[in-house]
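Here's the structure we're looking at; comments come further down.
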Amino acid sequence: MSATAAPGSARTASIEVRDLVVRYGAVAAVRGVTFSVAAGEHVTLLGPSGCGKTTTLRAIAGLEQPAAGEIRIDGRPVFSSSPRVQVPPERRGLSMVFQSYAIWPHMTVYDNVAYGLRVRRMAEAEIGERVRWALDLVQLGALGDRSASKLSGGQQQRVALARAFVFSPAVLLFDEPLSNLDAKLRAEMRLEIKELQRRLGITSVYVTHDLEEALAISDRVIVMRDGVIEQIGTPAEIYDLPRNTFVADFVGSANLIRGRRRPDLEREGTVVLETAGGAIVHGAAHGRRVGAEPLFSVRTVHVRLARERPTVAVNVWPATVRRRVFQGDFTQYHVEWDGRPLVVRTVATDPVAEGDVVFLSVDPGRCVLLES
Amino acid sequence: MDDLARARRFRPGPRLVSLIVGGVAAVLVLYPIAFLIQASLSTGDPQARPPEAYGLDNFADLPRYGHIFANTLLVAVAATAMAIALGFVMGWILSRTNVPGRGVLEQLMALPYYVTPLMGALAWSLLGSPSGGFLNQTWRALGGDGHLIDVTTPYGIAWVMALFEGSVAFVMIGAVMKSMDPALEEASQVLGAGRLRTMLRVTLPLVLPGVLGAAIFVFAEMLGSFSAALVLGLPSRFYVVTTAMYQLVSQYPPQFPRAAAMGVSLFALMFAMVYVYRRIVRTGSYATITGKAFRARAMDVGGLRWPLLAVCAVYLAVAVFLPLVTLLYASVQRLATVLPRANNFTLDNYRTALSLDAVRTALGDSLLLGLGTASIGVVLMGFLAWMIYRSRLPGVGAIEYVLMFPQAVPRLVFAFGMLWAWLIFPIPIYGTLWLLLIAYLTVFLPLGLRTIAGVMLQIDRSLEESAQMCGASWGYRMRTVTMPLLRPGLIAAWLLLFIASVRELGASILLMGPKAKVITPTIVESWFSTSSELTAAMALLQTLAVAGALVLLFTLARRAAQHPGE
Numbered sequence: 018m019s020a021t022a023a024p025g026s027a028r029t030a031s032i033e034v035r036d037l038v039v040r041y042g043a044v045a046a047v048r049g050v051t052f053s054v055a056a057g058e059h060v061t062l063l064g065p066s067g068c069g070k071t072t073t074l075r076a077i078a079g080l081e082q083p084a085a086g087e088i089r090i091d092g093r094p095v096f097s098s099s100p101r102v103q104v105p106p107e108r109r110g111l112s113m114v115f116q117s118y119a120i121w122p123h124m125t126v127y128d129n130v131a132y133g134l135r136v137r138r139m140a141e142a143e144i145g146e147r148v149r150w151a152l153d154l155v156q157l158g159a160l161g162d163r164s165a166s167k168l169s170g171g172q173q174q175r176v177a178l179a180r181a182f183v184f185s186p187a188v189l190l191f192d193e194p195l196s197n198l199d200a201k202l203r204a205e206m207r208l209e210i211k212e213l214q215r216r217l218g219i220t221s222v223y224v225t226h227d228l229e230e231a232l233a234i235s236d237r238v239i240v241m242r243d244g245v246i247e248q249i250g251t252p253a254e255i256y257d258l259p260r261n262t263f264v265a266d267f268v269g270s271a272n273l274i275r276g277r278r279r280p281d282l283e284r285e286g287t288v289v290l291e292t293a294g295g296a297i298v299h300g301a302a303h304g305r306r307v308g309a310e311p312l313f314s315v316r317t318v319h320v321r322l323a324r325e326r327p328t329v330a331v332n333v334w335p336a337t338v339r340r341r342v343f344q345g346d347f348t349q350y351h352v353e354w355d356g357r358p359l360v361v362r363t364v365a366t367d368p369v370a371e372g373d374v375v376f377l378s379v380d381p382g383r384c385v386l387l388e389s
Numbered sequence: 005m006d007d008l009a010r011a012r013r014f015r016p017g018p019r020l021v022s023l024i025v026g027g028v029a030a031v032l033v034l035y036p037i038a039f040l041i042q043a044s045l046s047t048g049d050p051q052a053r054p055p056e057a058y059g060l061d062n063f064a065d066l067p068r069y070g071h072i073f074a075n076t077l078l079v080a081v082a083a084t085a086m087a088i089a090l091g092f093v094m095g096w097i098l099s100r101t102n103v104p105g106r107g108v109l110e111q112l113m114a115l116p117y118y119v120t121p122l123m124g125a126l127a128w129s130l131l132g133s134p135s136g137g138f139l140n141q142t143w144r145a146l147g148g149d150g151h152l153i154d155v156t157t158p159y160g161i162a163w164v165m166a167l168f169e170g171s172v173a174f175v176m177i178g179a180v181m182k183s184m185d186p187a188l189e190e191a192s193q194v195l196g197a198g199r200l201r202t203m204l205r206v207t208l209p210l211v212l213p214g215v216l217g218a219a220i221f222v223f224a225e226m227l228g229s230f231s232a233a234l235v236l237g238l239p240s241r242f243y244v245v246t247t248a249m250y251q252l253v254s255q256y257p258p259q260f261p262r263a264a265a266m267g268v269s270l271f272a273l274m275f276a277m278v279y280v281y282r283r284i285v286r287t288g289s290y291a292t293i294t295g296k297a298f299r300a301r302a303m304d305v306g307g308l309r310w311p312l313l314a315v316c317a318v319y320l321a322v323a324v325f326l327p328l329v330t331l332l333y334a335s336v337q338r339l340a341t342v343l344p345r346a347n348n349f350t351l352d353n354y355r356t357a358l359s360l361d362a363v364r365t366a367l368g369d370s371l372l373l374g375l376g377t378a379s380i381g382v383v384l385m386g387f388l389a390w391m392i393y394r395s396r397l398p399g400v401g402a403i404e405y406v407l408m409f410p411q412a413v414p415r416l417v418f419a420f421g422m423l424w425a426w427l428i429f430p431i432p433i434y435g436t437l438w439l440l441l442i443a444y445l446t447v448f449l450p451l452g453l454r455t456i457a458g459v460m461l462q463i464d465r466s467l468e469e470s471a472q473m474c475g476a477s478w479g480y481r482m483r484t485v486t487m488p489l490l491r492p493g494l495i496a497a498w499l500l501l502f503i504a505s506v507r508e509l510g511a512s513i514l515l516m517g518p519k520a521k522v523i524t525p526t527i528v529e530s531w532f533s534t535s536s537e538l539t540a541a542m543a544l545l546q547t548l549a550v551a552g553a554l555v556l557l558f559t560l561a562r563r564a565a566q567h568p569g570e
């Protein structure tokens, strides 16, 4: 048996969530959320704690009872407020990896992984084969007999993964599965989960508050805040073209620049504004409607910092370095520009001293117009 | 899809079962209480069932028994003060100082609870009755005059009760002291406050709510306590409410309505106490419990360690060692006396006790009942605990409230309600072991629930949810995940229920019939009607039987676990 081929037929399903509302008493945790996940797609719900992402996931799983809306899995309604449908979690054909791992301490690793197969009354021989396949896939092949309570955090996480996909569920749900791991292990597991997703080709919905995680493993990212969706898009879209200040700010650090529109300086596809301090900033509209007071988002890594004036036509300004913070992979400069602070991150090895006058420049395409 | 369709038909299963079991349990609790109240309002012929007329005459009559209520309060206040002082000192020594052997001592502190007030009262009666008490005999032999101590006084009774309740107070106060973040004290010291100032301004205010809560809980227990007051107070006609009720019910003709009115009053008082206690626990300014992990810091008390160790040793000696040795010593004598004489020693008391039919059947019945109560109780209470703390079914909050009710009702008062209730029950269970079984299951509901809930609340909900996500049905989840994880809690609850049932007195003394005797009331009867030496032998035999039964059960269980499937 090849270690990569999934035994049995891997059927996978689409998910549609429409106008979902979940309430805890008087508080609405999710307030009308609509999105869909195609069969085989990997979607991540991203947002700060309390934004309703976990609640949405648990509603898909069936562990929370929504107040209104509809959830369909492969076109079949599993929840609907009218007509009343509520399919219990155990019959939705899904699987889930929990934040706390939820590994049963009274069973061995093997028994943990075999659980879903035994529930499905599979023959013991076939169970053995599939458990070995799953454990090999998460690189725990040798630990089957180990008691689950004697595992490290990373190993528990792997068992939880194997247990979740071993019975070929139609959809895999991940509830912040890596948040209890340390940074190094988290980066490692991130890659493994991505690898696993691609191999198994199972539809997955992933919940996290960690941007890097979301960008790394998803086909599409859904950014949520206060129980509503702020933006849906591919990782590149979310990062490069944030819709509003919340997304720009939450998805990686960004500088926000507001000013009065200067249509006289604009050309096809560009937007130009003049700040209160008089700086002229050229940016890209990306097809968005331009108001009288446009707002640009500029990623801190997209601002270039140089001692000499660069030889570009637009978006070059002098600035003064106020603070230099060395952070290892990059150096963060807090500069005074146009009478206000601006943050610049650079990987340049040649440090600029605090108090020096420097030149900042930005590619106009990196000055992204936000929706008003 | 056949599978799914079949499963769907059983979908209302858990909900329906929960409703029925919760409802039955609630009826078990409320049915006797309703009859207690009905009886207390009966103003016609005291013997008439159902009552001929209703009124408040019985309550209006209560001031006649004012001295009994005063006695009850006196004993309860004195006993609470002593028990809390004991609990506070022990709690402080064992959780905040580096006294030697802390771990072992902490385990031993549970022993007084297992000695029970009845054993303690019997032993202390032998030790401290004014004329024949061993301590007073010794006092006179040493040239003293009169008597040194007298345990038949209100303070003597309170002393015996406090010795055993001190163990409960220790557990409650010790937990509060342990849960206090030492950083709070350290912060005070870092800011320049001395040790005394820190103690007075930081430590004391922080543990005060916990101590107050423990005091109210203990006080409520004391108001309803029965056995010590019965054994020590009855001979000198010193009554508290519970013993007075017992007297009213067991005299001829019995005064049911008046006893019921007393019971309702006591119930109201205790209910108020438990209510206040729960308020304190819930709202309590418990800044002490932070949920953050920290190690309780033990204060280095230097040379004071040995005197503090001595304090603990003395408590254990007085509450456990002395009573047991006294009973043992008395049980092997013809006539209990402090000075050993060769011709006074005998094993006749044990021979007699074992040959008495009443004792043998009572002991057998008690063990049988204990087995039944514990086994049925664990299943019932385990299910109820799951329903209350896990199922998220509507209305479980109210059910929890009702099931915790027996905690606020003295067992004697509760049994009185049952007596009245089950006399008219169409199925003739009155005077049989079945009635006792129902009584035990009802009065021990809070004990079992609390023990199981303690473990259940530690089990993360996601452990059950992940089984659900693997596709397991409710029954399958219960069998493979919930029950195995709960096992330590279920075993602990089984043991507690077994021990508590075999030694139960307050409910049994009213409810046992001539053909269904149990051991603890038999011991009390023997105390009042035969010799104290024989009674001591019976009390020790009971303890031995409990211990023996437990050892036997554990051996069998272990053997069964080692050879599964045989």
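Protein sequences, first through last, are from chains U and B.
Just so we're aligned, residue 18 is where the first sequence starts under this note's numbering, counting upward by one.
Just so we're aligned, residue 5 is where the second sequence starts under this note's numbering, counting upward by one.
Note that CB positions come from ideal geometry on N, CA and C, so glycine has one too.
**Asked** What three-state label does DSSP hand B/V585 in the structure shown?
**Response** Here chain B has residues from 5 to 570 only, and residue 585 of chain B is not among them.
**Message:** Quick check on this structure: which residue in B/L467, B/A378, B/L227 has the alpha carbon closest to the alpha carbon of B/L445?
**Reply:** Looking up residue 445 of chain B in the second sequence gives position 441. Ranking the options by Cα distance to B/L445, first place goes to B/A378.
**Message:** Here's a check: name, in chain order, each residue in its chain whose Cβ is nearer than 7 Å to the Cβ of B/T207, leaving out the five neighbours to either side.
**Reply:** Counted from its first residue, the second sequence places residue 207 of chain B at position 203. If we look at B/T207 and ignore the five residues flanking it on each side, its Cβ neighbours are E189.
**Asked** U/S97 by DSSP, collapsed to three states: which one?
**Response** For the purposes of this step, residue 97 of chain U is taken as the residue at position 80 of the first sequence. Three-state DSSP puts U/S97 in a strand.
**Item:** C-alpha gap between B/L308 and B/A302, whole angstroms
**Value:** Translated into positions along the second sequence, residue 308 of chain B becomes position 304. Translated into positions along the second sequence, residue 302 of chain B becomes position 298. Roughly 13 Å separates the two Cα atoms.
**Message:** Which residues of the segment 146–173 of chain U have a Cβ closer than 7 Å to any Cβ of chain B? Give them in chain order.
**Reply:** Taking 7 Å as the upper bound on Cβ-Cβ separation, chain B lies near no residue of the segment 146–173 of chain U.
**Request:** Pick out the complete alpha helix (DSSP H) segments inside the segment 420–450 of chain B, 4 residues or longer, and give them in chain order.
**Result:** 437–447
**Request:** Look at the Cβ atom of B/V155, then the Cβ atom of B/S129, and state whether they are nearer than 8 Å.
**Result:** Working through the second sequence from its first residue, we reach residue 155 of chain B at position 151. Working through the second sequence from its first residue, we reach residue 129 of chain B at position 125. Cβ atoms of B/V155 and B/S129: closer than 8 Å.
**Message:** Buried or exposed for U/E205, going by 16 or more other Cβ atoms inside 10 Å?
**Reply:** Here residue 205 of chain U corresponds to residue number 188 of the first sequence, with the count starting at 1. Exposed is the call here.
**Asked** Does U/L202 have its Cβ less than 8 Å from a Cβ in chain B?
**Response** Along the first sequence, read from residue 1 onward, the residue named residue 202 of chain U stands at position 185. Taking Cβ atoms only, chain B never reaches closer than 8 Å to U/L202, which makes this a no.
**Message:** Would U/A30 pass as an interface residue toward chain B - the criterion being a Cβ-Cβ separation below 8 Å?
**Reply:** Taking the first sequence and counting its residues from 1, the one referred to as residue 30 of chain U is at position 13. It does not: the Cβ of U/A30 has no partner Cβ on chain B nearer than 8 Å.
**Request:** Compare the C-beta of B/L461 with all C-beta atoms of chain U and state if any pair is closer than 8 Å.
**Result:** By one-based count along the second sequence, residue 461 of chain B stands at place 457. No, no contact with chain U.
**Prompt:** Interface residues of chain B around U/S112 at Cβ under 8 Å?
**Reply:** Counted from its first residue, the first sequence places residue 112 of chain U at position 95. Those are M473, C474, listed as they occur along chain B.
**Message:** Would B/Y480 pass as an interface residue toward chain U - the criterion being a Cβ-Cβ separation below 8 Å?
**Reply:** Looking up residue 480 of chain B in the second sequence gives position 476. So yes, B/Y480 belongs to the interface.
**Request:** With DSSP as the reference, label U/R242 as helix, strand or coil.
**Result:** As a working mapping, residue 242 of chain U is identified with position 225 in the first sequence. Per DSSP, reduced to three states, the secondary structure at U/R242 is strand.
**Message:** For U/S117, tell me which candidate among U/T328, U/S185, U/N197 has the shortest Cα-Cα distance.
**Reply:** Sequence index remark: in the first sequence, residue 117 of chain U carries index 100 (1-based). Measuring from the Cα of U/S117, the nearest candidate turns out to be U/N197.
**Cutoff 8 Å; reference U/R48; Cβ partners in own chain excluding five residues on either side** = Counting from one through the first sequence, the residue named residue 48 of chain U turns up at place 31. Result list for U/R48: V38, G69, D243, G244, V245, in chain order.
**Request:** Mind listing the chain U neighbours of B/P488? Cutoff is C-beta to C-beta under 9 Å, in chain order.
**Result:** Your numbering for residue 488 of chain B matches position 484 in the second sequence. Ordered by position in chain U, the residues that pass the 9 Å Cβ test against B/P488 are W121, H123, M124.
**Message:** Can you give me the C-alpha to C-alpha distance between B/P398 and U/K201, rounded to a whole angstrom?
**Reply:** Your numbering for residue 398 of chain B matches position 394 in the second sequence. Your numbering for residue 201 of chain U matches position 184 in the first sequence. The straight-line gap from Cα to Cα measures roughly 45 Å.
**Request:** Output, in chain order, the set of chain U residues within a Cβ distance shorter than 9 Å of B/E469.
**Result:** Locating residue 469 of chain B in the second sequence gives position 465, where the first residue counts as 1. Those are R75, A78, L80, P106, M113, F115, A119, listed as they occur along chain U.
**Item:** Whole-Å CB distance - U/L157 paired with U/A179, under 8 Å assumed
**Value:** Here residue 157 of chain U corresponds to residue number 140 of the first sequence, with the count starting at 1. Here residue 179 of chain U corresponds to residue number 162 of the first sequence, with the count starting at 1. With 8 Å as the limit, U/L157 and U/A179 qualify as a contact, their Cβ atoms being about 7 Å apart.
**Message:** Cβ closer than 9 Å: which chain B residues qualify as neighbours of U/R326?
**Reply:** Position 309 of the first sequence holds residue 326 of chain U. Simply none; closest approach about 54 Å.
**Message:** Cutting at 8 Å between CB atoms, please list the residues of its own chain near B/Q141, excluding the five before and the five after it.
**Reply:** Here residue 141 of chain B corresponds to residue number 137 of the second sequence, with the count starting at 1. Closer than 8 Å at the Cβ level, and outside the excluded window around B/Q141, lie T341, V342, L343.
**Asked** Taking only runs of the alpha helix (DSSP H) that begin and end inside the segment 187–236 of chain U, which ones reach a length of at least 4 residues, in chain order?
**Response** List check, alpha helix (DSSP H) in window: 200–217, 228–234.
**Message:** Applying the 10 Å Cβ sphere with the 16-neighbour rule, what's the burial state of U/R93?
**Reply:** One-based indexing of the first sequence puts residue 93 of chain U at position 76. The residue in question, U/R93, is exposed, as its Cβ has fewer than 16 Cβ neighbours within 10 Å.
**Selection from B/I495, B/L440, B/A87, B/V31 that minimises the alpha carbon distance to B/V222** = As a first step, residue 222 of chain B must be located in the second sequence, where it is residue number 218. Nearest C-alpha to B/V222: B/A87.
**Item:** Cα-Cα separation, B/C474 to U/V136
**Value:** Sequence index remark: in the second sequence, residue 474 of chain B carries index 470 (1-based). Sequence index remark: in the first sequence, residue 136 of chain U carries index 119 (1-based). Straight-line Cα distance between these residues: approximately 8 Å.
**Request:** Starting from the Cα of U/W354, find the closest Cα among U/V289, U/R284, U/L273 and give me that residue.
**Result:** The sequence position of residue 354 of chain U within the first sequence is 337, counting from 1. The residue with the shortest Cα to Cα distance from U/W354 is U/L273.
**Prompt:** U/V136 touches chain B at which residues, Cβ-Cβ below 7 Å?
**Reply:** Translated into positions along the first sequence, residue 136 of chain U becomes position 119. Those are C474, G475, A476, Y480, listed as they occur along chain B.
**Request:** Please name the residues in the segment 270–283 of chain B whose beta-carbon is closer than 8 Å to at least one beta-carbon of chain U, in chain order.
**Result:** From the segment 270–283 of chain B, no residue has a Cβ closer than 8 Å to chain U.
**Prompt:** If you measure from the beta carbon of U/Y132 to each beta carbon in chain B, is any gap under 8 Å?
**Reply:** Stepping through the first sequence from its first residue, residue 132 of chain U is reached at position 115. Yes, U/Y132 counts as interfacial toward chain B.
**Asked** From B/G198, B/G493, B/L560, pick the residue whose C-alpha is nearest to that of B/W390; which is it?
**Response** Taking the first residue of the second sequence as 1, we reach residue 390 of chain B at position 386. Among B/G198, B/G493, B/L560, the Cα nearest to that of B/W390 belongs to B/G493.
**Request:** Please check the pair U/M113 and U/A181, which I expect to be a contact at CB under 8 Å, by giving their CB distance rounded to whole angstroms.
**Result:** Here the question's residue 113 of chain U lines up with position 96 in the first sequence. Here the question's residue 181 of chain U lines up with position 164 in the first sequence. Rounded, the Cβ-Cβ distance is 6 Å, consistent with contact.
**Request:** Could you spell out where the alpha helix (DSSP H) holding B/L328 opens and where it closes?
**Result:** Here residue 328 of chain B refers to the residue found at position 324 when the second sequence is read from its first residue. First-last of the alpha helix (DSSP H) with B/L328: 326–335.
**Request:** Rank B/P257, B/L227, B/Y256, B/P261 by C-alpha distance to the C-alpha of B/T247 and give the top, closest one.
**Result:** As a position in the second sequence, residue 247 of chain B is number 243, starting the count at 1. Per the Cα distances, B/L227.
**Request:** Indicate the three-state DSSP secondary structure (helix, strand or coil) for U/S26 in the structure shown.
**Result:** As a working mapping, residue 26 of chain U is identified with position 9 in the first sequence. Only weak support is given to the placement of U/S26: the predicted model assigns it a pLDDT of 46, under 50, and the question is left unresolved by the model.
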